[in-house]
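Protein chains in written order, with the numbering used here: chain F, 639 to 847; chain B, 369 to 518. Note that the Cβ used here is the ideal one computed from N, Cα and C, for glycine as well. Read through the structure below, which is laid out as structure tokens, and then see the notes.
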Amino acid sequence: MRKANVKTGILAMVIIALTATSCKDKKKEQESEEGHHTEQMEKGGQMDGTMEDHSQMDHDNMSHGEMTMMSSDIVTDYLTLKNALVSDDQDGAAKAGEKLEGSLKSFDSSKFADDQQGELNDIIEDATEHAQHIAKSDIGHQREHFDVLSKDIIDLLAITGSDRTLYQAYCPMYNKNKGAQWLSASKEIKNPYYGSKMMTCGEVQKEIN
Amino acid sequence: MKALKIIGIVLLVGLVIIQFFPTNRNQSDMVPTTDFMLVNNVPTEVEEMVKTSCYDCHSNNTDYPWYNKVQPIAWFLQGHIEDGKSELNFNEWGDYSERRKKSKLRSIVSQVEEGEMPLFSYTLIHGDAKLSDAEKKTLIGFITKLKDSL
Chain F
639 MRKANVKTGI LAMVIIALTA TSCKDKKKEQ ESEEGHHTEQ MEKGGQMDGT
689 MEDHSQMDHD NMSHGEMTMM SSDIVTDYLT LKNALVSDDQ DGAAKAGEKL
739 EGSLKSFDSS KFADDQQGEL NDIIEDATEH AQHIAKSDIG HQREHFDVLS
789 KDIIDLLAIT GSDRTLYQAY CPMYNKNKGA QWLSASKEIK NPYYGSKMMT
839 CGEVQKEIN
Chain B
369 MKALKIIGIV LLVGLVIIQF FPTNRNQSDM VPTTDFMLVN NVPTEVEEMV
419 KTSCYDCHSN NTDYPWYNKV QPIAWFLQGH IEDGKSELNF NEWGDYSERR
469 KKSKLRSIVS QVEEGEMPLF SYTLIHGDAK LSDAEKKTLI GFITKLKDSL
């Protein structure tokens, strides 16, 4: 899995590099001096590169709505996962974890401002690992990973915003009384960490819009 | 009877043939500056414990047992080492984001607490890798402190 990702990544980089170079070559056929390489690329990008122009626009002008759309699938899959854990459904949680892994992997941080990309990539990387584990663990471990995953998703939404109203809830007992948070689409407490054992343990901390 | 003999021969031949498929060996003399022990201030006791019980599968250098070149054992070991390293590689600790470090530390605690790590199949052969209750407590204490300091 990991190997495949690396390979895809390298392939993507090679393709991007080749495309960028060939574009530049067409434009600057006459000038072949190596030293001007990067400068030319930048100029080309600003002047008429359609791809570059497009991403530039996204950087500066991505609206709140557009940003929340980027995390929409992730939120949907996270909530499916949460609901499965609430109903003590290990298989359902595993399936949701797998789906969430896919949504996390297709999240494109490059549309965000430069200073947010690092943090977003860290969040996505960590959350992806937790989703992978949830897809193949027993329910006890699923809940452990869900705890850290919830923190990741809360931090993610702090940057992207949410396309729907969510409630951040807190269960003070989980993880040996260290406490754990989760997100829900409803104000009503349904505890994903204990399920039927302690369904109503917890309280809403805040509303996320 | 004849059928059994044929099956026996086929298996034997198969076993001989697979000996010719070598595996990649996880060995490196170089300890990168990102190593867990170099990045963190680790007490000697904990360092020895982690190196003995974890590093064979969670670092770039495995101290292989004598039978490591016999197939299909070598494949089995390689599989474990690859999985282990992709989950957690102590040699690459310094490259992990703070978020990932915290996640990993938390998983270390829960895996050791629940006795899932080190793997039973590993401690069966590596008696010295088995953690006593006192050792577990020391290790978990250190890892928890480290996690809280991040």
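Simplified DSSP state of residue i, which is helix, strand or coil
i: Lys373(B); result: helix
i: Ala818(F); result: strand
i: Lys844(F); result: strand
i: Gln806(F); result: strand
i: Ile772(F); result: helix
i: Ser427(B); result: coil
i: Met837(F); result: coil
i: Tyr490(B); result: helix
i: Ala751(F); result: coil
i: Val438(B); result: coil
i: Phe745(F); result: coil
i: Met485(B); result: coil
i: Lys828(F); result: coil
i: Ser396(B); result: coil
i: Val384(B); result: helix
i: Thr420(B); result: helix
i: Ser454(B); result: helix
i: Val378(B); result: helix
i: Ala823(F); result: coil
i: Thr391(B); result: coil
i: Asp610(F); result: In this structure chain F extends from 639 to 847, so residue 610(F) is not present and cannot be described.
i: Val410(B); result: coil
i: Asp801(F); result: coil
i: Thr706(F); result: helix
i: Thr766(F); result: helix
Span of the alpha helix (DSSP H) around residue i
i: Ile791(F); result: Ile777 to Thr798
i: Tyr716(F); result: Ser710 to Val724
i: Trp434(B); result: Per DSSP, Trp434(B) belongs to no alpha helix (DSSP H) and is neither H nor E.
i: Gly462(B); result: Segment: none, Gly462(B) is in no alpha helix (DSSP H) and carries neither H nor E.
i: Gln479(B); result: Glu466 to Glu481
i: Gly495(B); result: From DSSP, Gly495(B) is part of no alpha helix (DSSP H); its letter is neither H nor E.
i: Ala502(B); result: Asp501 to Ser517
i: Met405(B); result: Phe404 to Val407
Top-ranked residue by Cα proximity to residue i, from the options
i: Leu717(F); options: Lys733(F), Lys835(F) and Asp760(F); result: Lys733(F)
i: Ala823(F); options: Glu845(F), Thr798(F), Leu795(F) and Thr838(F); result: Glu845(F)
i: Glu593(F); options: Asn759(F), Ser748(F) and His768(F); result: With chain F represented from 639 up to 847, any question about residue 593(F) goes unanswered, as that position is not in the structure.
i: Asp727(F); options: Lys789(F), Trp820(F) and Gly833(F); result: Gly833(F)
i: Thr803(F); options: Gln770(F), Thr838(F) and Ile792(F); result: Ile792(F)
i: Gly447(B); options: Pro400(B), Asn394(B), Val477(B) and Ile511(B); result: Asn394(B)
i: Ile511(B); options: Ala371(B), Gly382(B), Met405(B) and Leu383(B); result: Met405(B)
i: Glu704(F); options: Ser741(F), Asp715(F) and Ser800(F); result: Ser800(F)
i: Asn436(B); options: Asp397(B), Pro390(B), Leu514(B) and Lys419(B); result: Pro390(B)
i: Ala502(B); options: Lys515(B), Glu481(B), Leu492(B) and Leu514(B); result: Glu481(B)
i: Ala807(F); options: Ser788(F), Ile772(F), Asp729(F) and Asn813(F); result: Ser788(F)
i: Ile385(B); options: His494(B), Gln439(B), Leu473(B) and Thr506(B); result: Gln439(B)
i: Ser478(B); options: Glu763(F), Leu719(F), Glu782(F) and Phe745(F); result: Glu782(F)
i: Tyr812(F); options: Asp790(F), Thr798(F) and His779(F); result: His779(F)
i: Leu518(B); options: Tyr464(B), Glu416(B) and Ser427(B); result: Tyr464(B)
i: Thr766(F); options: Asp790(F), Glu757(F), Asp776(F) and Ile777(F); result: Asp790(F)
i: Lys469(B); options: Leu372(B), Thr420(B), Leu380(B) and Asp403(B); result: Asp403(B)
i: Ser747(F); options: His771(F), Ala773(F) and Leu794(F); result: Leu794(F)
Contact set for residue i: own chain, Cβ-Cβ below 7 Å, skip 5 residues either direction
i: Asp686(F); result: For Asp686(F), the predicted model reports a pLDDT of 43, less than 50, meaning its position is unreliable; a value from the coordinates is still stated below. Cβ within range, chain order: n/a, list empty.
i: Ser500(B); result: none
i: Asp424(B); result: Thr430 and Asp431
i: Met700(F); result: Lys749
i: Met836(F); result: Asn829
i: Cys809(F); result: Gly817, Ala818, Asn829, Tyr831, Cys839 and Gly840
i: Ala442(B); result: Thr391 and Asn436
The ligand GTP heavy atom lying under 7 Å from the CB of residue i
i: Ser748(F); result: Of ligands this structure carries none, so the ligand GTP is not represented either.
Same chain only: Cβ atoms within 6 Å of residue i, ignoring 5 sequence neighbours per side
i: Met398(B); result: none
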